[in-house]
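The sequence shown begins at 857 in our numbering and counts up by one. Following: one structure in structure tokens, then a few remarks.
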Amino acid sequence: MICVDSSVVVKQIIDEDHSPQTQALFAMATRQRVVMVAPQLLMMEVGNVLLKKTRRPSVITPREALASFRDALDLGILLEDPESLHDNALRIAVSFQLPAIYDAYYLALAADAKCDFWTAGPRLMRALAGRVPSVRWIGDFRA
857 MICVDSSVVV KQIIDEDHSP QTQALFAMAT RQRVVMVAPQ LLMMEVGNVL
907 LKKTRRPSVI TPREALASFR DALDLGILLE DPESLHDNAL RIAVSFQLPA
957 IYDAYYLALA ADAKCDFWTA GPRLMRALAG RVPSVRWIGD FRA
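As structure tokens, this is what we get:
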């Protein structure tokens with residue numbers, strides 16, 4: 857089992873920096889039948905990123921955003937919110953002095969599932985700076 861955040865999912869559905877690594881991660885997960893998990897807020901975050909991309913000139917059209925959103929829904933990521941997730945996310949956000957609670961939800965879910973958490977978020981990686989060994993940078997993925 858692995859946990860992925862919205863930054864990784866967006867790179868899977870839209871060609872960006874580190875999309876090849878993300879595609880390799882998803883291919884490995886499919887090949888090895890590794891379950892991918894994320895908190896329920898994943899799709900809200902993905903939708904928000906896509907919406908913002910429609911507002912920038914020449915990034916994606918609303919039609920492309922909708923198609924990409926559907927692609928994200930079809931990735932087969934198991935969306936889970938265990939009962940303890942909300943409390944644990946707040947504890948993690950406070951403990952690591954994160955600027956917002958969103959990333960803490962992924963960290964809490966990965967901790968609960970005892971699995972690695974893959975992100976493409978540079979600010980999160982800097983904020984954690986090696987303090988959480990299960991957090992992985994997508995740019996480091998090698999198939």
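All C-beta atoms in this analysis are idealised placements derived from N, C-alpha and C, irrespective of residue type, glycine included.
Cβ-based burial, residue i [other Cβ within 10 Å; buried from 16]
{"i": "Glu901", "result": "buried"}
{"i": "Asp871", "result": "exposed"}
{"i": "Arg992", "result": "buried"}
{"i": "Ala886", "result": "The question names Ala, yet the displayed sequence has Thr at residue 886. Exposed is the call here."}
Three-state secondary structure (DSSP) of residue i
{"i": "Asp972", "result": "strand"}
{"i": "Gln933", "result": "Before going on, a small fix: residue 933 reads as Ile here, not Gln. Here Ile933 sits in coil by DSSP."}
{"i": "Arg982", "result": "helix"}
{"i": "Val827", "result": "Here the chain has residues from 857 to 999 only, and residue 827 is not among them."}
{"i": "Arg987", "result": "coil"}
{"i": "Arg998", "result": "coil"}
Boundaries (first-last residue) of the alpha helix (DSSP H) holding residue i
{"i": "Ile858", "result": "Run containing Ile858: none in the alpha helix (DSSP H); it sits in the beta strand (DSSP E), Ile858 to Val860."}
{"i": "Val902", "result": "Leu898 to Thr910"}
{"i": "Val950", "result": "Leu941 to Ser951"}
Range of the contiguous beta strand (DSSP E) that encloses residue i
{"i": "Ala880", "result": "Counting along the chain, Ala880 falls outside any beta strand (DSSP E), though it belongs to the alpha helix (DSSP H) covering Ser875 to Arg887."}
{"i": "Val893", "result": "Met892 to Ala894"}
- Message: Assess contact between the segment 917-935 and the segment 951-960, defined as three or more Cβ pairs (one per stretch) separated by less than 8 Å. Is contact present?
- Response: no
- Task: Give a yes or no on contact between the segment 859-878 and the segment 926-938, applying the rule of three or more CB pairs nearer than 8 Å.
- Result: yes
- Item | Touch test, the segment 889-896 against the segment 976-995, Cβ-Cβ under 8 Å, three pairs minimum | no
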